[in-house]
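Here's the structure, in structure tokens; my notes come after.
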Amino acid sequence: MVSRIELDPAVFDPSATSGLDDYSHIEVIFAFHLAQRTCTATQHPRGNTDWPRTGILAQRAPNRPNHLGVSVCTLAAVDGLTLTVHGLDAIDGSPVLDVKPYLPEFAPRGEVRAPAWSGELMRNYF
Numbered sequence: 030m031v032s033r034i035e036l037d038p039a040v041f042d043p044s045a046t047s048g049l050d051d052y053s054h055i056e057v058i059f060a061f062h063l064a065q066r067t068c069t070a071t072q073h074p075r076g077n078t079d080w081p082r083t084g085i086l087a088q089r090a091p092n093r094p095n096h097l098g099v100s101v102c103t104l105a106a107v108d109g110l111t112l113t114v115h116g117l118d119a120i121d122g123s124p125v126l127d128v129k130p131y132l133p134e135f136a137p138r139g140e141v142r143a144p145a146w147s148g149e150l151m152r153n154y155f
């Protein structure tokens, strides 16, 4: 999935993206601007009762206490304040709050584990 992020020139100086094209990936912090409720209790991920009830902090549902989303994307192009990315996990029109270069040094060290249901959920996600 290809997405275009248009950074607001009232917020970002045109030089804000200088050097960003040296990176293959970026982290995009955005607002779940259409989330209507906040979930702080347990729920079945995606409402699928085949998966266990988990707390909101143990899943990536949009109805979070702070309505913030984070997505690691492949950076395809930088054209001034317009970024073209692949794999952005946000809906069209989501306000982008910040962009950071993805640095492997900040990635997890050692083995990464996740429950089986999360692999099922993500199998055909993108």
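Numbering (this note's numbering), first residue to last: 30 to 155.
Cβ coordinates follow ideal geometry from the N, Cα and C atoms, glycine included.
| Item | Value |
| --- | --- |
| Proximal residues to T83 (C-beta, below 7 Å), its chain only, five neighbours per side dropped | T71, P74 |
| Nearest to A145 (by Cα), restricted to the options A39, P81, R33 | P81 |
| Cβ shell of F52 (< 7 Å), same chain only, five flanking positions each side left out | Before going on, a small fix: residue 52 reads as Tyr here, not Phe. So the qualifying residues of the chain are L104, P130, Y131. |
| Pick from H96, A143, L97, A64 that is closest to A87, judged by C-alpha positions | A143 |
| Short Cβ contact (9 Å threshold) for V23 with L36 | Here the chain covers residues 30 to 155 and nothing more, so residue 23 does not appear. |
| Spatial neighbours of L117 in its chain, beta-carbon cut-off 8 Å, leaving aside the 5 residues before and after | M30, S32, I34, V57, S100, C102 |
| C102 - partner residues in DSSP beta bridges | I55 |
| Where the beta strand (DSSP E) through E35 begins and ends | 31-35 |
| Cβ-Cβ distance between T46 and L126 below 9 Å | no |
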